[in-house]
Each structure stands twice: as structure tokens, then as C-alpha cells.
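Numbering follows the working numbering, with no gaps: position 133 of the sequence shown is 133. Written out below as C-alpha cells is the structure these notes cover.
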Amino acid sequence: MRSPEITCRWITRDTDDDQQWLEMRREILRAPLGLDFSARDLLDERLDRQLIARDEKSGDLVGGVMIRESSDGISWKVRQMAVKPEHQGKGFGRALLEQLERTAREEGIRELHLHARDEAVPFYEKLGFVAEGPEFIEVTIPHRRLAKPLIPPP
1 MRSPEITCRW
11 ITRDTDDDQQ
21 WLEMRREILR
31 APLGLDFSAR
41 DLLDERLDRQ
51 LIARDEKSGD
61 LVGGVMIRES
71 SDGISWKVRQ
81 MAVKPEHQGK
91 GFGRALLEQL
101 ERTAREEGIR
111 ELHLHARDEA
121 VPFYEKLGFV
131 AEGPEFIEVT
141 IPHRRLAKPL
151 IPPP
């Protein structure tokens, strides 16, 4: 169930929201691994769509996710999912994925897939994603591929 204290919305590039989201991704996803985004990384993701979550009470950006539309036109790769550690377990990640899924269904997307860090696999499995294939290394740490078919609404 989605908390009424969560606002999720799609954002555009080159805005304050975009910059805040980039800094959050850098802090949560890259810095702990001793990594940063290269100019090429940032160029490669210019066409990715971004969805952020804010805490309605404080207005603070607390999480976000990106999607990359696949060339097949029927699937999306979920990327760069992050929620600030102090907000994890409060429904922000679930709210982001629920909004992402609603949008995907509205646009006729048939499958979501992602590469999850090992510690995040149980979170995605609770939301209906299924692990596929063996573990692999990405950005220096173990990941698993997960997928979730989307059945169009009646």
C-alpha cells in the first residue's frame, strides 16, 4: 500500500530535480564503490526517463529510479534505483515501482527487467520480479538479472 506522504513524479533533464537526483545517485550508488559517473555514462543516459519520490511532509527528495526503453518497444530496463538509507522500508521504493509499472502498462510495455545488487534482490522479488540466470559482476559487485512480465489491464 502506498503512503499518502509520498509523491512520485517524472522529471526532465537539466532541471534542479535532475541535478539533485544525480547527486543522490552519486552518493548512494557510486561513491560507496569508489566510483563516479563518467562523461560517457551521463551522455549514455540522456534518453533515459527519470522518476523521483519526495516526502510530502518535508519536500525532500528521498529516492528515484530510471528506465531505459528497449529497442524492441515492449520492455523497459529499470536502472539506478535508489532510496536514501534513512527512508528505506517506508514505502518509497514500492511507490516508485508502482508508479513506474502504471506508466509502463499505460504505454503498452509488456516486461520490466533490471540488474539488482544481491542485497536488493529480496525487495524486487516481493514486488513480483523473478531472478533469471546466474549472478554476475557489474560496477564491481555481484548482481542478478530480474524480470517481471506485465499483463495488460482488461
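For each residue, glycine too, the CB sits at the ideal point set by N, CA and C. This one's a predicted model, so the numbers in the text were calculated from it and none came from an experiment.
Residue i - containing alpha helix (DSSP H), residue span
| i | result |
| --- | --- |
| Thr103 | 92-106 |
| Asp44 | 39-44 |
Residue i: first and last residue of the uninterrupted beta strand (DSSP E) it sits in
| i | result |
| --- | --- |
| Asp72 | Taken as a continuous stretch (DSSP letters only), Asp72 belongs to no beta strand (DSSP E), as it is neither H nor E. |
Closest by C-alpha distance to residue i, when choosing among the options
| i | options | result |
| --- | --- | --- |
| Lys157 | Trp21, Pro122, Phe136 | Here the chain comprises residues numbered 1 to 154, so residue 157 is not present and cannot be evaluated. |
| Ala131 | Arg94, Ala120, Ser58 | Ala120 |
| Asp41 | Gln99, Arg25, Tyr124 | Arg25 |
| Ser155 | Gly89, Glu111, Asp55 | Since the first residue shown for the chain is 1 and the last is 154, residue 155 is missing from the structure and cannot be characterised. |
| His143 | Arg102, His113, Asp118, Glu69 | Asp118 |
| Asp60 | Cys8, Glu138, Asp14 | Cys8 |
| Thr15 | Leu33, Ile52, Ala31 | Ile52 |
| Lys148 | Leu35, Glu138, Tyr124 | Tyr124 |
Same chain only: Cβ atoms within 7 Å of residue i, ignoring 5 sequence neighbours per side
| i | result |
| --- | --- |
| Ile67 | Asp48, Arg49, Trp76, Lys77, Val78, Arg79, Leu100 |
| Leu127 | Arg94, Leu97 |
| Pro109 | This sequence places Ile at residue 109; Pro is not what is there. Hits under 7 Å: Ile74, Ser75, Trp76, Leu150. |
Neighbourhood of residue i by C-beta distance below 8 Å, restricted to the same chain and skipping five residues each side
| i | result |
| --- | --- |
| Arg2 | Caution is warranted here: a pLDDT of 44 is assigned to Arg2, below 50, making its placement in the model unreliable, and no coordinate value can be reported. |
According to DSSP, residues forming a beta bridge with residue i
| i | result |
| --- | --- |
| Arg49 | Ile67 |
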